[in-house]
Every structure is written in structure tokens, then in C-alpha cells.
Amino acid sequence: MQVQVKLFAAARDIVGQGEVSLQLTEGSTVGDLMEHFFTRYPQLKAMAGSLLLAVNREFAERTVKLQEGDEVGVIPPVSGGGHV
Amino acid sequence: MQVQVKLFAAARDIVGQGEVSLQLTEGSTVGDLMEHFFTRYPQLKAMAGSLLLAVNREFAERTVKLQEGDEVGVIPPVSGGGHV
Amino acid sequence: MFEVTEKPLSVAEAVSAVSKRTCGALATFTGVVREFSRGKQVSYLEYEAYPEMAIAKMRQIEQEIRDKWEIEQILIHHRIGHLEIGEASVVIAVSAPHRRQALEACAYAIERLKQIVPVWKKEVSSDGSFWIGMGS
Amino acid sequence: MFEVTEKPLSVAEAVSAVSKRTCGALATFTGVVREFSRGKQVSYLEYEAYPEMAIAKMRQIEQEIRDKWEIEQILIHHRIGHLEIGEASVVIAVSAPHRRQALEACAYAIERLKQIVPVWKKEVSSDGSFWIGMGS
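Chains as they are written, first to last, in our numbering: chain A, 1 to 84; chain B, 85 to 168; chain C, 169 to 304; chain D, 305 to 440.
See the structure below:
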């Protein structure tokens, strides 16, 4: 199955692109997907503990199973607003 | 001694004017001043319990002694802002 | 930064008056004349103030706020005279380095204004007119 | 009422967008780019968002607020792209019948925005540039 991965801020800087299309085996979880990135990008693995993940624009645990066409967001610690 | 009395909102409506200059005997208190008004304006006396008084733009108890030239504010319950 | 005025109030002007380069946060509160009050249709309001004391009490509110929070600037403008529905009767703006200071100080300012700033409103509706009391 | 935009934000437009004749109170919060952060002089900021999710999370914040307070309207506009010092990064405006609802909902909205709305900022100073993390 195919999923679309969107990476932001520091995560995008590390991976070098903001959007990646990935082919995964059926039954793969969000955690499996992230292992794919952690293997290739040790710097991303270094921030694994603080990364949040979203599936179809909702925050999701790493145990969530992915479906064909899902959009996965890789979300470093969020900070909206000013320095406030 | 002479004091200047300023009346607002419902208090001014009852007395019919917003500013009154009064001659008082030395040693008169804010309470004495108000008795002068209550005698003449029973409607004002009816709201005595909720009236606040100010001397020289600071809230003052009725026991405060007045001085020549003092400005006394007669302040019905305050309400600033909108209906909020 | 403190005014009692017959002129219409502007939130935009209030915001720009309190803005500083050291501020990360800016909170405003606007009180607006409502169409309905206590179930009655309001035609318009007449506001009246004891202007000199109102300004003195606004200064006191600023001092109380500076004793409690680190803020940059505070502005309080209160309108008096004839106000139509939808018009602003009071605008408060507070700038501060951080958001909680600005928000808490702004909320405190309107609460204290209701308690100690001598401003009255006369509500005019089809039933007649009424002076509205404290805390309303 | 929810936007993620590269255009400058306007508190005045936000206020007018949430105004209704049934509202007695209107609260706003504006986040502004500060000159100093962590003791460093800031040159400018770059904001980035996950726009579709940001809008979805702003809708969630509205729903949480409506479950807690009686409000009329809420607006949240977040700016992205290049921001200079003194420019607004986020504007929140809430109208409500009464003041506490407007003020509490506005304070809640900015707290939740910091927690769940995916927007990042990169602080650019003479020392280099840094992505700024959650809750800052």
C-alpha cells in the first residue's frame, strides 16, 4: 500500500524534503513507517522521543495501522504564536 | 466652609442638578453632608444604602471630616462597560 | 493611555498605542452595547462618567496590575454620551512580554473597572429608561 | 473564521468579523514577534504550518470552547512565512454575550493552540537559526 508522508520544520530539514510517498507492506503501523525514516536519518532518530505523529490530520499513536492512501504527518514539537 | 458636591446618574436626576455648592459648619463629615440632601430629597434617602461617596476623587467613609474646598462625589452604584 | 471620551472607540488604535518591540503578547477587551438586556429590546444607551475620578481610578487599576504582573503598557478608554447598539463602550488593551500576563491583566482590568470606576449607563428601551447599577 | 495565511494579520478585521448584535463582550489575543528571545537579538522569524491539520485543530479548539462556554463567534488567524519584529503571528478574537465567557475562551484558545496546532517558527538571529519547540 501507498502512504503519503508530510514532514515539517526540523524533520523536513533533516530529510531534505517535505513530502515523501512510500510503499509499505499491508498491516504496517505508524511505528513501522517511522523506523523506515530512523534507519535512513539518524538525526531524526535522535529526536524520536519528541516527535508527534498524525494520521489523516489527527494525532495518532505509533501502534495505529496504516491504510492505503493515508496521510502521515511527522510533527516536531509544535509552537504556534509569537514568543509568548 | 464651602464644599463642592457632584451628583451623578440617578442621584443627579433626583436632585435636579449635577453640581451643588454648599456652606457647612466646621467639622462636618461626609455623613452630615448627606443628611442635608436626605432631608430635602426623600428619594435620595431611599437609595442611601447603595450610595458611595468620594472626597477629592477617592472613595470615602461617611465618618470622614470635610475641609474647605473639598469635592464630594455622590456615586450611585457604578456600572462601566457594556451589558457584560 | 486613559480616556473618558464622547468619540467612538477604536480597538485598532488601542492595539497600536500599547504595542512595543519588547512585547510578545497583546490582549484586548471590548464592551459592546447589546441589542437585548434582561429580555428587553434596547433602543440605545446614555453613558455618563465622573471623568476626573474615572481617570484616577483607571490609574489605580494600572498600579494594581503592575504590582501583580509584568506588563508593558495598559490602555483604558471609556466612551460616554449616546451609544447605539453594537458600539463599543469600553476598550482595554494590555501589552506584555508573555501571554499570561497580558490575558490575566486584561481580565483583571475589566473586573476592577466594573467595581471602582464611576461610569453609569442609562438604558433606553420601549419601556422607558433605567440607570443600570454596579456589576451589571 | 480559521485561516493560515502569508498575509499580515489585522486585529481590527478580526474584531469586526466576530462582532454580532447579541454580543456584549469581545476579547482578542495577539501574538507578536519580539525583539529579544532567550537574551538573543532576533533578526526575523520564519513560520511554517501543516495548514490542513492546523485548520482541523482550530476547529477542534472551537468545539472544546463551545462545550465549556457560551460564545457567539471565534476567529483564529495564524500567519506563516517571513515575519519581522513587531508583526503579529497569531490573532484570536472571541465574541460572547458576557465578558467572562469571551475572556476565558480567548485565554483557553491560545493555550490550546500552543498545544495542538501544528505551526513552527524558525528564529533567525546573528547566532544562526533555530526551530522553536512546543510551549515556547
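Just so it is clear, CB atoms sit at the ideal spot from N, CA and C, and this is done for glycine as well.
- With a contact defined as Cβ atoms closer than 8 Å, E307 of chain D and F8 of chain A miss out at about 18 Å.
- Contact between the stretch 285-301 of chain C and the stretch 324-343 of chain D is absent: fewer than 3 CB-CB pairs across the two stretches fall below 8 Å.
- Judged by DSSP secondary structure, E356 of chain D falls within the alpha helix (DSSP H) whose first and last residues are P355 to K372.
- Within chain B, no residue has its CB atom less than 8 Å from the CB of Y276 of chain C, the nearest being about 14 Å off.
- Going by beta carbons, A138 of chain B and M226 of chain C fall outside the 7 Å limit.
- Under the Cβ distance rule, R146 of chain B does not count among the residues neighbouring chain C, no pair being separated by less than 7 Å.
- As computed with DSSP, L349 of chain D is found in a beta bridge with D:L387 and D:E427.
- Scanning the stretch 18-46 of chain A from its first residue to its last, the whole beta strand (DSSP E) runs of 3-plus residues come out as 19-23.
- When only Cα atoms are considered, L349 of chain D and G73 of chain A end up about 23 Å apart.
- Of all alpha-carbon atoms in C:S184, C:T196 and C:Q209, the one lying nearest the alpha-carbon of G296 of chain C is that of C:Q209.
- By the Cβ rule, the stretch 57-69 of chain A does not count as touching the stretch 100-117 of chain B, because fewer than three pairs are nearer than 8 Å.
- Residue burial annotation: R383 of chain D is buried, with at least 16 other C-beta atoms found within 10 angstroms of its C-beta.
- With its beta carbon at least 7 Å from every one in chain C, G102 of chain B lies outside the interface.
- In this structure P176 of chain C is exposed. Its beta-carbon is surrounded by fewer than 16 other beta-carbon atoms within 10 angstroms.
- With contacts defined by Cβ atoms closer than 7 Å, I242 of chain C and E230 of chain C form a contacting pair.
- The shortest C-alpha to C-alpha distance from R57 of chain A to any of A:P42, A:I75 and A:R40 is the one to A:I75.
- Ranked by Cα distance from W299 of chain C, the first of B:R96, B:K90 and B:V89 is B:R96.
- Contact annotation: I260 of chain C and I239 of chain C have beta-carbon atoms that are not nearer than 7 Å.
- For E307 of chain D, no alpha helix (DSSP H) run applies; the uninterrupted beta strand (DSSP E) run containing it begins and ends at F306 to T309, by DSSP.
- For K418 of chain D, the enclosing alpha helix (DSSP H) has its first and last residue at R403 to I420.
- Under the three-pair Cβ rule at 8 Å, the stretch 322-332 of chain D counts as touching the stretch 386-402 of chain D.
- Residue-level contact by beta carbon holds for W424 of chain D and chain A, with a gap shorter than 7 Å.
- Not one beta carbon of chain C lies nearer than 7 Å to the beta carbon of V398 of chain D.
- The C-alpha of R370 of chain D is placed about 40 Å away from the C-alpha of F38 of chain A.
- Cα atoms of E35 of chain A and A10 of chain A: separation of roughly 17 Å, rounded to the nearest angstrom.
- In the DSSP assignment, V337 of chain D falls outside any alpha helix (DSSP H), carrying neither H nor E.
- DSSP, reduced to helix, strand and coil, places I239 of chain C outside both helices and strands of the structure shown, so it counts as coil.
- Residues of chain C with a Cβ closer than 7 Å to the Cβ of K90 of chain B are, in chain order, Y218.
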